[in-house]
Amino acid sequence: MKKYLHIVAKVLFSLVILLPVVGATGLLGEATRDLYNTDEAFAFIQLIDGLAVYISYMMAAVHIIALIALWTKREALAALLELPIVFNIVAFHLVLDGGLFTAGAVLADLMLLLNLYLIWKNRETLKLLIAPQTIT
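Residues in the sequence shown are numbered consecutively from 6, following my numbering.
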């Protein structure tokens, strides 16, 4: 059962990660005001789409690298690559878009839960990163 849960989590995480990549290509269309709960959230997205479009492309590249890592038995790397982006998305919904329990934040919440699951699942691998190193 754990194996199937893990595969489902990886597939869901992959699908959620693919959405920004598809969005960066322009296939999802332009962001409209009705997608956001506040004017501030929409203005922030418009700013990113207008002035800082390179951020969207950089995040899409990180998502692609994380997808490759996720399916080539480097789940810990994928989880660590996605963690700052996920925190940023969750913070956006928490601060600008009306909270974590709005319709727009559902994917962000799911992404956070799946990312935390992958980090927990790979905690033994990640312990090596924070273990004190001895200099010989």
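Here a beta-carbon is modelled for each residue, glycine too, at the ideal position from N, C-alpha and C.
Query                                                                                                            : Result
Closest residue to I50 among L121, I94, E87 and L85 (Cα-Cα distance)                                             : I94
Nonlocal neighbours in the same chain, by C-beta distance under 8 Å from M64, ignoring five residues either side : P25, A29 and I90
Cβ separation of I22 and E87, assumed to be a contact under 8 Å, to the nearest whole Å                          : 7 Å
Residue range of the unbroken alpha helix (DSSP H) whose run includes Q138                                       : That residue, Q138, is in no alpha helix (DSSP H); it is neither H nor E in DSSP.
Under 9 Å between C-beta atoms of L85 and F18                                                                    : no
Residue span of the alpha helix (DSSP H) that contains T107, given as start and end                              : Element bounds for T107: n/a, residue is neither H nor E.
Environment of L40 [buried if 16+ CB atoms lie within 10 Å]                                                      : exposed
The alpha helix (DSSP H) enclosing T30, as first and last residue numbers                                        : K7 to T30
Reduced DSSP secondary structure (H/G/I, E/B, other) of Y41                                                      : coil
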